[in-house]
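One structure is given below, encoded as structure tokens.
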Amino acid sequence: MGASWYVSRTPTLALRQSAVMTMPAALYGKDVFRLIPSMVLAVPSERDAGVPAARGVRVRSLRPNATIIAGDSAVVENGTAVFGNLRIRSTDSIVALRFEAEGYRPIDFEIGSNNVADVPGRGRSRARLAEAQFGAQRVRGPNASITVEPGAMISGVVQVQYTANWSAASVWLSMTPTWGNAQELGRDLTPVPTPVKQDIVDVSVAVPGPTTPGRYWLLFMIDAEVSGGFALSRTNWTLQEPVWGDGNDIASLPDWTIRRANVEGAITSRLALPAQWPRPERFCNASSRTVRGVGMKYCEADVPLFGIEVVVR
127 MGASWYVSRT PTLALRQSAV MTMPAALYGK DVFRLIPSMV LAVPSERDAG VPAARGVRVR
187 SLRPNATIIA GDSAVVENGT AVFGNLRIRS TDSIVALRFE AEGYRPIDFE IGSNNVADVP
247 GRGRSRARLA EAQFGAQRVR GPNASITVEP GAMISGVVQV QYTANWSAAS VWLSMTPTWG
307 NAQELGRDLT PVPTPVKQDI VDVSVAVPGP TTPGRYWLLF MIDAEVSGGF ALSRTNWTLQ
367 EPVWGDGNDI ASLPDWTIRR ANVEGAITSR LALPAQWPRP ERFCNASSRT VRGVGMKYCE
427 ADVPLFGIEV VVR
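The sequence shown begins at 127 in the working numbering and counts up one residue at a time.
Structure follows, in structure tokens:
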């Protein structure tokens, strides 16, 4: 009786998103792979489960033929633990993992290590809206639009579907509204695993809405830049600091460019780079501006992007 009562009262970790494929991680050596998409666990909070919420979740191999060499733990944020850094070495066809947190019943997961993902080719990386929920408004597709009152807080969950070809880089999903101060309101939402084909990542959005009636956009983009506004300001990390207000910020995109991006999943924009940085495969223009004494140039660059229209009435 006591044991069964304890089991019924002990909260259980749950899979919010589970991997379906593996991807070689050659930088770590032979027979090392990562999971695609990354494992995401739901961790019940104290309010939901009647126990103190876990601060972190750990993962270990249940079999001696598999070794976790990176990313064996994840911090719990907003009831979620994301194992984006998990890397496993194994020569066996099946890998068995156990995810554990103090005070919670563990959860086990198995995957075939030879179930290799179809790596995208060198084509264009793309991002599109899969679905979004803003209060009672549920939207999807290239014509997604929400209606809000002036000054209302815009909050919800956005599902981003993307294909990305970067094999070794810091790749972030970022968001910016087309109203207000882009440097203050823009956000780097989350790093995303790459390369990947048709993966979906869920992100939460909370931003003060426009105070003036009209039509605006919430823009979402993915780029191989470090966090800190580099992607949204269209500044390459090699310049060491983002350059805002030079006419190529993502928030300043015209309406027609955004609507086209919603169909194609990407745009071609101007990217700020050091003047001496090699970029022979792209058209570039010199600039008279400098950053920390370094001359600049602007080169064409593709970037995955889509927008959700915001109508203020």
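All C-beta atoms in this analysis are idealised placements derived from N, C-alpha and C, irrespective of residue type, glycine included.
Which one or two residues does DSSP pair with Q285 in a beta bridge? E257 and D328.
For Q263, which residues of its own chain have a beta-carbon under 6 Å away from its beta-carbon, when the five flanking residues on both sides are left out? Closer than 6 Å at Cβ, skipping near neighbours: I272.
What is the rounded straight-line gap between the Cα of D157 and the Cα of V352? The C-alpha of V352 is placed about 28 Å away from the C-alpha of D157.
Assuming the contact rule is C-beta atoms closer than 8 Å, R254 and R213 should be a hit. Round their C-beta distance to whole Å, please. At roughly 28 Å, the Cβ-Cβ gap does not stay under 8 Å, so R254 and R213 are not in contact.
Straight-line Cα distance separating V185 from P232: When rounded, the distance between both Cα atoms is 9 Å.
Compare the beta carbon distance of V169 and Q143 with 8 Å and say whether it is the shorter of the two. Contact check for V169 against Q143 fails: the beta carbons are separated by 8 Å or more.
Going residue by residue through the region 185 to 209, where are the continuous beta strand (DSSP E) segments of at least 3 residues, counting only ones entirely within it? Entirely contained in the region 185 to 209, the beta strand (DSSP E) runs reaching 3 residues are, in chain order, 192 to 196, 199 to 203 and 206 to 209.
What three-state label does DSSP hand N388 in the structure shown? Three-state result, N388: helix.
Nearest-angstrom beta carbon gap, I326 and A256 [assumed within contact, 8 Å]: Cβ atoms of A256 and I326 come within 8 Å of each other, at about 5 Å.
Skipping 5 residues on each side, what residues in its chain have a beta carbon closer than 6 Å to that of D218? Take D218, set aside five residues on each side of it, and the residues of its chain with a beta-carbon closer than 6 Å to its own are N191, in chain order.
Ordered along the chain, which non-local residues of its own chain (more than five positions away) have a Cβ less than 6 Å from that of I384? Cβ neighbours of I384 beyond the five flanking positions: W343 and G433.
Same chain only: Cβ atoms within 6 Å of M301, ignoring 5 sequence neighbours per side: Here the set comprises R313, L315 and F346.
Please list, in chain order, all residues of the same chain as G155 whose beta carbon is under 6 Å from its beta carbon, the five residues on each side excluded. Excluding its 5 nearest sequence neighbours in each direction, G155 has no C-beta neighbour in its own chain below 6 Å.
Buried or exposed for S359, please, with buried defined as at least 16 other CB atoms from any protein chain shown within 10 angstroms of its CB. So S359 ends up on the buried side.
Measuring only the C-alpha atoms, how far is V245 from T338? Reliability fails at V245, whose pLDDT of 49 lies under 50, so the model's placement of it is uncertain and the value that follows must be treated cautiously. Each residue's Cα considered, the two are about 45 Å apart.
Report yes if the CB atom of R341 is closer than 8 Å to the CB atom of V437, and no otherwise. Yes.
Is the separation between the beta-carbon of V284 and that of W298 shorter than 8 Å? No, the Cβ-Cβ distance between V284 and W298 is not below 8 Å.
What is the DSSP secondary structure of Q263, reduced to helix, strand or coil? In the three-state reduction of the DSSP assignment, Q263 falls in the strand class, which pools E and B.
Assign M279 to one of two classes, buried (16 or more other C-beta atoms within 10 Å of its C-beta) or exposed (fewer than that). The residue in question, M279, is exposed, as its Cβ has fewer than 16 Cβ neighbours within 10 Å.
Below 6 Å CB to CB, which residues in the same chain sit around G421 once its five sequence neighbours on both sides are set aside? Exclusion of the five residues before and after G421 leaves A401 as the residues of its chain whose Cβ lies within less than 6 Å of its Cβ.
I need the straight-line Cα distance from S414 to A377, nearest angstrom please. Cα-Cα distance, rounded: 23 Å.
Could you give the distance in angstroms between the alpha-carbon of P303 and the alpha-carbon of G371? Taking the Cα positions, P303 is about 15 Å away from G371.
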